Amino acid sequence: MKLKVTLFTIRAIIMIACVSFSAIAQDKPKADAFYKIVAHDGSGDYTTIQAAIDDSKSFPPQRITIFIKNGTYHEKVKVHEWNPDITLIGESREGTVITYNDYFAKVNTGINSTFHTYTMLVEGDGFIARDLTIVNASGDAGQAVALSVHANNAIVVNCSILGNQDTLYVSGNGFRIYFENCLITGTTDFIFGSATAYFKSCTLHSLKNSYITAASTPQGEAYGFVFDDCRLTAERGIDAVYLGRPWRPYAKTVFINCMMDAHIKPEGWYNWNKQEAERTAFYAEYNCSGTGYKPSDRVKWSYQLTKRQAKAYTVENCLGVAMAARIKQLQLK
């Protein structure tokens, strides 16, 4: 299985990528309706993550925190729409692993099987995850989602999201989702969907020659996928990766201040054999670096932003002032 082959590389990337966030309190409060502990060895309130979620009050008056002790949790997890404001916190990023192995052909529910392959599905608004690893362990077996976020104002911090094709699905017209200091691995279209998603200081690690993003930004949305200060890396021998292709005609994807290794193709972007998408999609870069950043060789229908244009791509502008304030609360001063 390819994920096992690259495990050493992935661990090394996690160590390089880490930044500081506010530590989990050492003196954890006693478990109650708003604080739950999961431990697969039976030392917590629940042995599975799903049991803790299912036992949480619907539409709670305050945030519910679920602390997950180190261990490998072989389960398919769903945060329901009626479970907003849930926080999942792992004991450690490398030690707290949620894994499952569904993929398109295995699920076999028809043309939309991809959307049922998730290891974790989030539908509750205001969701927060931190210090976790989420894996679709099916290997290179076709479409296989690790994390699917169909929730507004969701925040994912210091997590590893590991898979192959279609690793991370961020969806919901008008939904705003934020990722920081995350490692995301994959092969084809491994970050895809319709939500406005902001990626800060993340590592995007390609496992084979293919496409990183497949945005389906709705017409009229000001922003789609924004990658700020991210690193684009790849397995040894990978040398022909596109930054993205348009799943839907009005796809928007922008890379700002990112480091791109040599695996990125000089032309950068692909139209997915949709000539008309060259007129409607918005693909752009600004002030990137690395051997894979070749602005003069990019396809003519992509853009290199000016400094003034790039200044518009702030968290406040892309996700809203209230969302930006919530993000700052999670960070060390």
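According to numbering that gives the first Met the number 0, the stretch in the sequence shown is residues 0 to 332, in order.
Positions of the beta carbon are idealized from the N, C-alpha and C atoms, including for glycine.
Bear in mind the structure is a predicted one, so any value in this text is a computation, not a measurement.
C-beta atoms of residue i and residue j nearer than 9 angstroms
| i | j | result |
| --- | --- | --- |
| L120 | S137 | no |
| Y168 | T187 | no |
| T103 | G141 | The sequence given here places Phe at residue 103; Thr does not occur at that position. Closer than 9 angstroms, so yes. |
| G171 | A194 | yes |
| E234 | K207 | yes |
| F198 | D227 | yes |
| G173 | A196 | no |
| S200 | R92 | no |
| N69 | G94 | yes |
| C287 | C317 | no |
Euclidean distance between Cα positions of residue i and residue j
| i | j | result |
| --- | --- | --- |
| S333 | D84 | The question about residue 333 has no answer, for the chain in this structure spans 0 to 332. |
| Y285 | A38 | 44 angstroms |
| T212 | N135 | 18 angstroms |
| G125 | R297 | 37 angstroms |
| T202 | T98 | 20 angstroms |
| G291 | I176 | 27 angstroms |
| Q343 | R247 | The requested residue 343 does not occur in the structure, where the chain is confined to residues 0 to 332. |
| V106 | T166 | 16 angstroms |
| T252 | N82 | 30 angstroms |
| K29 | K35 | Reliability of the predicted coordinates at K29 is poor, the pLDDT of 49 falling under 50, and the value obtained from them is presented with this limitation in mind. Looking at the two C-alpha atoms, the distance is approximately 8 angstroms. |
| K77 | P59 | 17 angstroms |
| H262 | G162 | 19 angstroms |
| D40 | H73 | 13 angstroms |
| I255 | Y117 | 29 angstroms |
| K273 | A239 | 20 angstroms |
| M322 | T86 | 15 angstroms |
| L231 | D101 | 27 angstroms |
| Q164 | P217 | 22 angstroms |
| D54 | N151 | 22 angstroms |
| A153 | A221 | 19 angstroms |
| N270 | Q303 | 17 angstroms |
| N111 | H149 | 16 angstroms |
Alpha helix (DSSP H) segment containing residue i, residue limits
| i | result |
| --- | --- |
| N316 | V314 to L318 |
| R105 | Rather than Arg, the amino acid found at residue 105 in this sequence is Lys. Residues F103 to V106. |
| A196 | Taken as a continuous stretch (DSSP letters only), A196 belongs to no alpha helix (DSSP H), being part of the beta strand (DSSP E) at T195 to K199. |
| K310 | Where K310 is concerned, there is no enclosing alpha helix (DSSP H), given that its DSSP letter is neither H nor E. |
| A51 | I48 to D53 |
Coarse secondary structure for residue i, derived from DSSP in three states
| i | result |
| --- | --- |
| R244 | coil |
| T113 | helix |
| F226 | strand |
| R235 | coil |
| R325 | helix |
| E74 | coil |
| R278 | helix |
| I23 | Low confidence applies to I23: its pLDDT is 36, below 50, so where it sits in the model is not reliable enough to give any reading. |
| S170 | coil |
| D260 | coil |
| S57 | coil |
| D296 | helix |
| K68 | coil |
| Q330 | coil |
| K35 | strand |
| G89 | strand |
| T95 | strand |
| W268 | strand |
| Y148 | First, the amino acid is wrong: residue 148 is Val here, not Tyr. Reduced to three states, the DSSP call for V148 is strand. |
| S42 | coil |
| Q218 | coil |
| S288 | strand |
Supposed contact pair residue j and residue i - C-beta distance, whole angstroms, cut 8 angstroms
| i | j | result |
| --- | --- | --- |
| I133 | A145 | 5 angstroms |
| G267 | Y249 | Not a contact, Cβ separation roughly 18 angstroms. |
| R129 | I88 | 5 angstroms |
| I48 | I67 | 6 angstroms |
| M259 | G289 | 4 angstroms |
| V156 | E179 | 5 angstroms |
| G185 | A214 | Contact doesn't hold; Cβ gap of about 15 angstroms is too wide. |
| V96 | T64 | Not confirmed; about 19 angstroms, so no contact. |
| P245 | A276 | 4 angstroms |
Residue i, enclosing beta strand (DSSP E) - first and last residue
| i | result |
| --- | --- |
| E284 | F281 to Y285 |
| K251 | K251 to I255 |
| A214 | Y210 to A214 |
| I133 | T132 to N135 |
| H204 | T202 to S205 |
| L120 | M119 to V121 |
| S179 | For the sequence presented, residue 179 should be read as Glu rather than Ser. R175 to E179 is the span of the beta strand (DSSP E), which, as asked, contains E179. |
| R129 | I127 to R129 |
| G185 | L182 to G185 |
| V156 | A153 to V156 |
| G192 | I190 to G192 |
| L161 | S159 to L161 |
Minimum Cβ-Cβ distance from residue i to chain E less than 9 angstroms
| i | result |
| --- | --- |
| P83 | Looking at the structure shown, chain E is missing, and only one protein chain is on hand. |
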